[in-house]
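Take 53 as the starting number for the sequence shown in my numbering and just add one per residue. Here is the structure we will look at.
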Amino acid sequence: MSPSPPVVARLLLPDDANIAGNVHGGTILKLMEEAGMITATRHMNKNEENCIAALIRFETMAFLKPVFVGEVASCQCNIIFTSNQSMLVEVVVSAEDISKGKVRVTNVGQLWYVPMVPGDDQKKDWSKPPKVAQVPPIEPQGDDAVHKFEKAKADYETKKKKKQQEQGDSANDATVDEIDGLEEFKSQYVAPSDGRSPTESEQVLCQMVLPGDCGKGSVAFGGFVMKLMDNAAGCSAFRHCRTNVVTVAIQSMDFTSWVTLGDLCTIRSKVVFASSKSLEIEVVASVTSIAGDKESMTTVAKGLFNFVSIASDNKVLPVPKLRLETDEDMRNAYLGQQRYEAAKLARMAGKK
Numbered sequence: 053m054s055p056s057p058p059v060v061a062r063l064l065l066p067d068d069a070n071i072a073g074n075v076h077g078g079t080i081l082k083l084m085e086e087a088g089m090i091t092a093t094r095h096m097n098k099n100e101e102n103c104i105a106a107l108i109r110f111e112t113m114a115f116l117k118p119v120f121v122g123e124v125a126s127c128q129c130n131i132i133f134t135s136n137q138s139m140l141v142e143v144v145v146s147a148e149d150i151s152k153g154k155v156r157v158t159n160v161g162q163l164w165y166v167p168m169v170p171g172d173d174q175k176k177d178w179s180k181p182p183k184v185a186q187v188p189p190i191e192p193q194g195d196d197a198v199h200k201f202e203k204a205k206a207d208y209e210t211k212k213k214k215k216q217q218e219q220g221d222s223a224n225d226a227t228v229d230e231i232d233g234l235e236e237f238k239s240q241y242v243a244p245s246d247g248r249s250p251t252e253s254e255q256v257l258c259q260m261v262l263p264g265d266c267g268k269g270s271v272a273f274g275g276f277v278m279k280l281m282d283n284a285a286g287c288s289a290f291r292h293c294r295t296n297v298v299t300v301a302i303q304s305m306d307f308t309s310w311v312t313l314g315d316l317c318t319i320r321s322k323v324v325f326a327s328s329k330s331l332e333i334e335v336v337a338s339v340t341s342i343a344g345d346k347e348s349m350t351t352v353a354k355g356l357f358n359f360v361s362i363a364s365d366n367k368v369l370p371v372p373k374l375r376l377e378t379d380e381d382m383r384n385a386y387l388g389q390q391r392y393e394a395a396k397l398a399r400m401a402g403k404k
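Now the structure itself:
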């Protein structure tokens with residue numbers, strides 16, 4: 053499993069950045085998804101003609117360092133695990149200052165893809181609903197590759213069992229009162245006098261899916277949706293902080309339905325949790341299809357984006373406190389606090 057050469061590389065221009073010159077996280081996400089899609093599709097087309105890989109899940113994403121206008125971003129990809137019908141691709145992004153010849157790793161992420169083939173018997177007609185194909189297995193080479201493969205396999209099996217348990221457990225539809233610790237959290241909460249509410253950060257973005265946003269089968273690239281989601285999250289973060297803000301992480305995100313040519317894609321976002329120096333923003337993507345009921349929407353993706361506020365010298369600033377006004381606000385903030393503390397403990401354990 054030797055590293056593939058960069059499959060996506062491009063010079064980053066002012067259109068890719070905010071007013072401070074920091075490249076938007078959504079721009080990097082789109083590059084990563086394109087690179088992952090190319091790598092997964094190349095793997096499939098060794099055995100399956102006329103196949104293309106489609107993103108179904110964003111497993112992890114870390115923004116390690118900022119990327120600036122004028123740098124060249126490149127992606128290196130490796131398939132680190134395969135199941136019967138899916139592939140896990142690790143994408144590493146490097147930013148190069150070509151005037152100085154200096155290169156640094158800026159982003160690392162893992163993306164799940166499924167291989168799609170045309171739905172007709174001859175596998176040639178992309179106008180038919182696509183089918184999922186079988187994935188050729190990989191044989192990891194080297195200790196590092198074997199370690200990543202075994203870890204990914206263990207995580208895959210754990211998530212598979214958990215999903216099966218949830219499907220058979222009706223108690224998972226818990227009410228607000230059934231969440232352990234929530235009532236205590238609500239009783240101890242004191243609203244800050246200078247805080248901002250989740251409602252104040254709400255953002256809605258809408259965009260029609262055009263031919264340039266799609267691949268074969270008129271299915272939109274996952275990176276197109278992720279970029280819109282990051283843009284909306286960035287607007288919510290700015291509304292809350294009123295400063296320059298940047299994406300620092302994305303928690304796991306599933307794509308539950310296809311986005312296709314002509315769909316109206318709507319993104320809704322709002323701040324749900326604030327620590328002293330970071331925000332957690334809930335983002336929901338949905339589509340209205342021109343072929344269906346124009347009054348109904350189908351949710352296609354949900355994600356949690358983490359942002360920080362930064363000064364002109366790129367140092368992290370404190371963020372305004374979150375003022376909780378409704379039961380939903382309380383529930384979201386409590387769950388966000390649990391995730392924040394769990395991630396903090398995981399980072400501390402990783403340093404030992």
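Heads up, the beta-carbon is just placed ideally off N, CA and C, and yes, glycines get one too. Keep in mind the model is a prediction, meaning the values are calculated, not measured.
Mind reading off the beta-carbon distance from residue i to residue j? Whole number of angstroms is fine, and I expect it under 8 Å.
i    : j    : result
G388 : E332 : 5 Å
R375 : R248 : 6 Å
S8   : E111 : Lying before the first or after the last residue shown, residue 8 is absent from the chain, which here runs from 53 to 404.
M139 : V184 : Actually they do not touch by this definition, with Cβ atoms about 12 Å apart.
Between residue i and the ligand GDP, is there a pair consisting of the residue's CB and a ligand heavy atom that are separated by less than 6 Å?
i    : result
D173 : In terms of ligand content, the structure shown is empty, and the ligand GDP therefore cannot be addressed.
Under three-state DSSP, which class holds residue i?
i    : result
F273 : coil
G122 : coil
E101 : coil
L116 : coil
M409 : Outside the modelled stretch of the chain, which goes from 53 to 404, sits residue 409, for which no answer is possible.
V60  : strand
P40  : The requested residue 40 is not part of the displayed model; the chain covers only 53 to 404.
P50  : Absent from the model: residue 50. The displayed extent of the chain is 53 to 404, so no value can be given.
N215 : Looking at the sequence provided, one finds Lys at residue 215 rather than Asn. Here K215 sits in helix by DSSP.
D172 : coil
A285 : helix
V228 : Residue placement at V228 cannot be trusted, given a pLDDT of 42 that sits under 50; what the coordinates show is reported in the next sentence. Three-state result, V228: helix.
T299 : strand
T410 : Given a span of 53 to 404 for the chain in the structure shown, any question on residue 410 remains unanswerable.
E380 : helix
Q193 : coil
R156 : strand
V187 : coil
L65  : coil
R391 : helix
R399 : helix
R294 : coil
Q356 : The amino acid occupying residue 356 in the given sequence is Leu; Gln does not appear at that position. Of the three classes helix, strand and coil, the one that applies to L356 here is strand, per DSSP.
L107 : strand
G247 : coil
G264 : helix
For residue i, count neighbouring C-beta atoms within 10 Å of its own C-beta (all shown protein chains included) and say buried if the count is 16 or more, exposed if not.
i    : result
G77  : buried
M260 : exposed
V166 : buried
D315 : buried
D229 : With a pLDDT of 47 at D229, under the threshold of 50, the predicted position of this residue should be treated as unreliable, though the coordinate-derived value follows. With fewer than 16 other Cβ atoms within 10 Å, it is exposed.
H95  : buried
V256 : exposed
E393 : exposed
A272 : buried
E85  : buried
For the alpha helix (DSSP H) that contains residue i, what are its first and last residues?
i    : result
D87  : As written in the sequence, residue 87 is Ala, which differs from the Asp given in the question. Element bounds for A87: G77 to M96.
K373 : No alpha helix (DSSP H) holds K373; DSSP gives it neither H nor E.
L234 : L234 to Q240
Where do the ends of the beta strand (DSSP E) carrying residue i lie?
i    : result
S338 : L331 to T340
S321 : L316 to A326
E148 : M139 to D149
C258 : Q255 to M260
| task | Say whether the stretch 188 to 197 touches the stretch 145 to 158, bearing in mind that this needs 3 or more beta-carbon pairs closer than 8 Å, one atom from each stretch. | result | No: the two stretches stay apart, fewer than three of their Cβ pairs being nearer than 8 Å.
| message | Check whether the stretch 310 to 327 and the stretch 335 to 355 touch, using three or more Cβ-Cβ pairs below 8 Å as the test. | response | The stretch 310 to 327 is in contact with the stretch 335 to 355.
| field | Meets three-Cβ-pair contact criterion under 8 Å: the stretch 319 to 327 and the stretch 127 to 138 | value | Output reads no: the stretch 127 to 138 does not touch the stretch 319 to 327.
| request: Mind the definition here: the stretch 204 to 213 touches the stretch 279 to 296 only if three or more C-beta pairs lie below 8 Å; say whether that holds. | output: Under the Cβ criterion (8 Å, minimum of three pairs), the stretch 204 to 213 does not count as touching the stretch 279 to 296.
| task | Taking 8 Å as the threshold, find out whether the stretch 356 to 366 comes into contact with the stretch 271 to 286 through three or more Cβ pairs. | result | The answer is yes - the stretch 271 to 286 touches the stretch 356 to 366, with three or more Cβ pairs under 8 Å.
| task | Indicate whether the contact test is met: 3 or more Cβ pairs, each with one atom in the stretch 157 to 165 and one in the stretch 105 to 125, closer than 8 Å. | result | Yes, the stretch 157 to 165 touches the stretch 105 to 125.
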